[in-house]
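The structure appears below as structure tokens.
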Amino acid sequence: MGKDAHLPRSRRSGRREQLKWVIVTAKSRNRTTMPNLRRRIEALEKSRSEQREALRTISEKALHWLLPHDVECLISAYGASRVGRPITECELAATRAYAEALERQCRWAGLPSTLESSGLPLDLYHAFVSAFRLCKEETELCLSGLSAAQQGGVPNESESAAIQALNSEMERVSRLAGFGSLAECEAFCPNGTARSVLIPRWLLSSDAR
564 MGKDAHLPRS RRSGRREQLK WVIVTAKSRN RTTMPNLRRR IEALEKSRSE QREALRTISE
624 KALHWLLPHD VECLISAYGA SRVGRPITEC ELAATRAYAE ALERQCRWAG LPSTLESSGL
684 PLDLYHAFVS AFRLCKEETE LCLSGLSAAQ QGGVPNESES AAIQALNSEM ERVSRLAGFG
744 SLAECEAFCP NGTARSVLIP RWLLSSDAR
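Quick note, in the numbering used here, the sequence shown goes up one by one and the last residue is 772.
In structure tokens form, the structure reads like this:
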């Protein structure tokens, strides 16, 4: 027999009521805690998403301070960190210029400095676009040719040549960034999709050369 069988009925009844109260209280607390925890997680995820978007925007604006050649050197500096090779003089100079531009944009946006982070945030897609060696006419021909293809048409000769030039540029900057091929780069950073990466801060040191 259980222990409750030897207790007076009033005491057994009192114990059952006490157990019911404990169970009801626990369920009530769970119903209150879970929504609160869910809201906190959602707020944290939203905050992180907004921070990533802010850094991506700052990265894009900071690139505008660099010349196309400097952007190429910045991309190849990122490539150096990917493949583990020493950084060159021009890559070091471009990385430092980019770090200064980032700090300037952070100050203007009222955001914390990136100097204490483990690396410099870089929007790889926008860096690629800034480094493309295409004139305005070639860019417009690319857009019109791609638009024609999407609508089931066939790009004309000039558009096809411009698209081929774009593909060559994408291959070139992909290898600058340390990727073995354009296909490998597109798997990491799909065409037309922003992709934030970090350029390791140790590259800013002269010891990295």
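For every residue, glycine included, the Cβ atom is placed at its ideal position computed from N, Cα and C.
Taking the CB atoms as reference points, tell me whether residue i and residue j lie closer together than 8 Å.
i	j	result
Leu-766	Ala-625	no
Leu-704	Ser-721	yes
Gly-642	Ala-728	no
Ser-759	Cys-748	no
Pro-631	Ala-694	yes
Asp-633	Ala-660	yes
So, under 8 Å CB-CB, residue i and residue j are touching, yes? Tell me the CB distance rounded to an integer number of Å.
i	j	result
Leu-665	Ile-726	Leu-665 to Ile-726, Cβ: 33 Å. No contact.
Leu-683	Arg-764	7 Å
Leu-685	Ala-657	Between Ala-657 and Leu-685 the Cβ distance is about 11 Å, and since that is not below 8 Å, they are no contact.
If you measure from the beta carbon of residue i to each beta carbon in chain D, is any gap under 8 Å?
i	result
Ala-750	Absence of chain D from the displayed structure is noted, only one protein chain being present.
Which of helix, strand or coil does DSSP assign to residue i?
i	result
Arg-648	coil
Gly-642	helix
Leu-627	Note on identity: in this sequence residue 627 is His, with Leu being the wrong assignment. In this structure, His-627 counts as coil in the three-state DSSP scheme.
Leu-674	coil
- Task: Please specify which runs of the alpha helix (DSSP H), each continuous and at least 4 residues long, are wholly inside the segment 682-769, giving them in chain order.
- Result: 687-694, 699-713, 720-739 and 745-751
- Query: Is the segment 686-699 touching the segment 635-650, taking contact as three or more C-beta pairs under 8 Å?
  - Reply: yes
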